[in-house]
Ligand code: BGC
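Numbering (the working numbering), first residue to last: 313 to 1145.
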């Protein structure tokens, strides 16, 4: 494997944890938090960063309440709707939202999802997901995020977070970081993602920088190790990259059971443990709980670290305005009954109302439908087969066209593939209250003009499919590929897919239909790329619609596209290759351990994932990243590039902090202040921070980790939320004219790729997405489109200088309709410094 320069894969020590409260826009929230936290005793402080234990509250995560002072926070999945709740909307998955390339729609999706969470009483929404980013096309959880490109993930995460937090709900950027595969996903033997500094910055960390720029309230540290140090106890990742370099002001929570140590994780920057149990699931051996109290008393966790943990959480709550009358949870993740155990996992009283069954859907179904339609990508459309012109005889084929038992994948957390695929499986799913079946919606549409639909949905009855297909004017065949989170499996799909094939005999169904029907339209519902080589070039396969994972509005959104009520405008958020091997050796999941119980995944492909690999290796994909057709056509004028500022290579020096973190009295209180309150009746199996009477603890000395007393130099790339503010300065403006040259109105996603100079001496991808704009145009209409490029977007990560730098002598830019179809092109030289 060729590696780019700077391949050191280490996580050097970075201590102590930077304190929150350095950003002006958080000043007021931190001031209020300081007042509240300053009035708490040690055990009151210790309640907030600890989860109460699995199923010990209504939500998937619940923090300990500080009676009369600070509420229990409800943390709930997830990235496409309210998990485990009724009367909610099942939104299209992240990958579908990413396929829209529509900033406004992604923001509105975030706001609508958050409105539902808030109305159910959720304080912290466990999304968006931006890692898995998509290094592995077969990765089980790629579909929860927005696509296999850091820039696209970054823009979409920014918009999603802005939308979510506009409702006063705390968003969670997850999973930090390099959580790319599900095999070996969890526990002490979890996989190590071994990544060099430059790849970390330019690929995996990139969307988290956008998230911090969007002022995200929380970040979830992931299950995997990075450079052989567990992500939640990796000081370099949490203290160094996230809190120092990116200037993150909120709190870091562990993924569920991802915390692998007590003191070490806390010193390394983790601020909250979830769901509160220790290393073993649903066992109450908390690594914090009373251990956190002990650790503060014996000084292994300095008092000011606990203060910072609590302050970060409380400040985030104030920042989102949750102090002014926030709803309490009114649903239970554990039962749909009206009444039941309040602390479900305790298995005993108190009993009370646990589900109020509040309908939070508002008119979100129409938004979900709009997103699902816009997230559908038209990959092939020979003879303008689509949109349909009222065909009278329509054949519908494939199990993926129907609901089985009235609901897709009716298995726990949707961990199977039965009937039509609306989402993948795992924690990022919801119960689907109102699923729109593709077949039913097609029938209803056809009936409006007297069309007749015949369906064969048994994928193994090839004879019936073939004989039916012969009789039709048009045939619509449905195939799919499912995957999900690795705690569930279906057949041979253990979270990650074993291959990129259509599942459930899909290829044979398509071939049987195409062999008998001259107007075959293939609809694919999938978690990621599917290899279509067995039939994609068949003459009779006239059209292919890549419908991603549409959520509940599957059938309705599809009908909108099929009959042309909506002109397709989605673009692929990843490359569809001609084989799994075409993605390169770095894109292969590690299915078998290569190192006993310490599996190692070396990210030797570095920057060269997805299209960056295809481009470098000159491999022809089947459909390239960014590709998607329309029912109309567009033309691009040449581009003009204008400098908006001196075009220099280096960012400005890191500015000083805008604000000073709160200071508290850091005296360690006496042990007897940590005993349970006098009137205390413990709830069975709930985690508390109290120490029993009679405990004796001796403070220190404690051998803090290397570097604790001599903090490392601050990153020159830091200084504000999202990094050094000058990285976000627009340097260049690229403009061009886009014209709708076809017969119908439609939207084009114009994409801007930065192209490196040939002689910079730095290894760089052939092109990298660094801008896009979705423009809706009437037939014949033209519009001037302008895109601005920030310093960050034209820089690479310079490992020597430990900062971003524009390559010498400058950068090239191309604009076009996909990663491989550029129209305008230009080059800008750097100014003398
Ligand atoms: C997942 C997270 C999720 C959490 C809580 C974990 O298994 O990795 O994405 O938010 O569970 O359900």
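Virtual Cβ for every residue (Gly too), placed ideally from N, Cα, C.
Values in this document were obtained by computation on a predicted structure and should not be read as measured data.
| Query | Result |
| --- | --- |
| By how many angstroms is the C-alpha of residue 644 removed from the C-alpha of residue 388? | 11 angstroms |
| Could you check the C-alpha separation between residue 526 and residue 836 for me, to the nearest Å? | 33 angstroms |
| Taking three-plus beta-carbon pairs below 8 angstroms as touching, is the segment 448-468 in contact with the segment 868-887? | yes |
| Could you name the residues of the same chain whose beta carbon sits closer than 8 angstroms to that of residue 1142, not counting the 5 residues immediately before and after it, in chain order? | 959, 960, 961, 1118, 1120, 1121 and 1122 |
| For residue 787, which beta-bridge partners are listed by DSSP? | 707 and 832 |
| Under the three-state reduction of DSSP, which class applies to residue 975: helix, strand or coil? | coil |
| What do you reckon, is the C-beta of residue 1106 under 8 angstroms from a heavy atom of ligand 1? | no |
| For residue 765, which beta-bridge partners are listed by DSSP? | 706 |
| Based on Cα-Cα distance, which residue from 1035, 1015 and 831 lies nearest to residue 693? | 831 |
| On a Cα-Cα basis, can you pick out the residue from 851, 631 and 1032 that is closest to residue 481? | 631 |
| Can you list, in chain order, the residues of its chain with a C-beta nearer than 6 angstroms to that of residue 1124? Leave out the 5 residues immediately preceding and following it. | 1067 and 1139 |
| Could you tell me which whole alpha helix (DSSP H) segments of length 4 or greater appear in the segment 480-562? | 518-525 |
| Would you check if the distance between the CB atom of residue 788 and the CB atom of residue 833 is smaller than 9 angstroms? | yes |
| One question on the structure: do residue 280 and residue 404 come within less than 9 angstroms of each other, judged by their Cβ atoms? | This structure cannot speak to residue 280, because the chain is shown only from 313 to 1145. |
| When the Cα of residue 1047 is compared with those of 663, 1100 and 670, which residue comes out closest? | 1100 |
| Name the DSSP beta bridge partners of residue 1042, please? | 1102 |
| If you follow the alpha helix (DSSP H) that residue 347 is in, where does it begin and where does it stop? | 339-350 |
| Who are the Cβ neighbours of residue 1147 in its own chain at under 7 angstroms, not counting the five residues just before and after it? | It is not possible to answer for residue 1147, since the shown part of the chain is limited to 313 through 1145. |
| Where does residue 559 land, buried or exposed, given buried means 16+ other C-beta within 10 angstroms? | buried |
| Would you mind stating whether residue 873 and residue 846 have Cβ atoms separated by less than 9 angstroms? | no |
| Using a beta-carbon distance below 9 angstroms, is residue 322 in contact with chain B? | The structure shown contains no chain B; it holds only a single protein chain. |
| Using a threshold of 8 angstroms, is the CB atom of residue 797 nearer than that to any non-hydrogen atom of ligand 1? | yes |
| Within the same chain, show all residues whose beta-carbon is closer than 7 angstroms to that of residue 606, passing over the 5 residues directly before and after it, in chain order. | 1003 and 1009 |
| Is residue 555 near ligand 3, in the sense that its beta carbon is under 8 angstroms from a heavy atom of that ligand? | This structure lacks ligand 3; its bound ligands are ligand 1. |
| Compute the Euclidean distance between the alpha carbons of residue 469 and residue 554, then round it to the nearest angstrom. | 16 angstroms |
| In or out: residue 1126 buried (at least 16 other Cβ within 10 Å) or exposed? | buried |
| Near residue 971, which residues of its chain fall below 8 angstroms by C-beta distance, leaving aside the five closest residues on each side in sequence? | 333, 334, 335, 336, 338, 339 and 342 |
| Rounding to the nearest angstrom, what Cα-Cα distance links residue 807 and residue 733 in this structure? | 15 angstroms |
| Beta carbon of residue 1094, beta carbon of residue 1039: below 9 angstroms? | no |
| In its own chain, which residues sit with a C-beta less than 6 angstroms from the C-beta of residue 523, not counting the 5 before and 5 after it? | 469, 473 and 485 |
| I'd like the list of long-range same chain contacts for residue 622, defined as Cβ closer than 6 angstroms, with 5 residues on each side in sequence excluded. | 349, 357 and 360 |
| Suppose the cutoff is 7 angstroms on Cβ atoms and the five residues either side in sequence are ignored; what does the same chain contact list for residue 826 look like? | 832, 847, 850, 852 and 853 |
| Roughly how many whole angstroms lie between the Cα atoms of residue 1088 and residue 940? | 15 angstroms |
| Flag this pair as yes or no: are the beta carbons of residue 465 and residue 426 separated by less than 9 angstroms? | no |
| Taking only runs of the beta strand (DSSP E) that begin and end inside the segment 936-1011, which ones reach a length of at least 3 residues, in chain order? | 946-948 and 952-955 |
| What does the Cβ neighbour count give for residue 364, buried or exposed, with the cut at 16 atoms within 10 Å? | buried |
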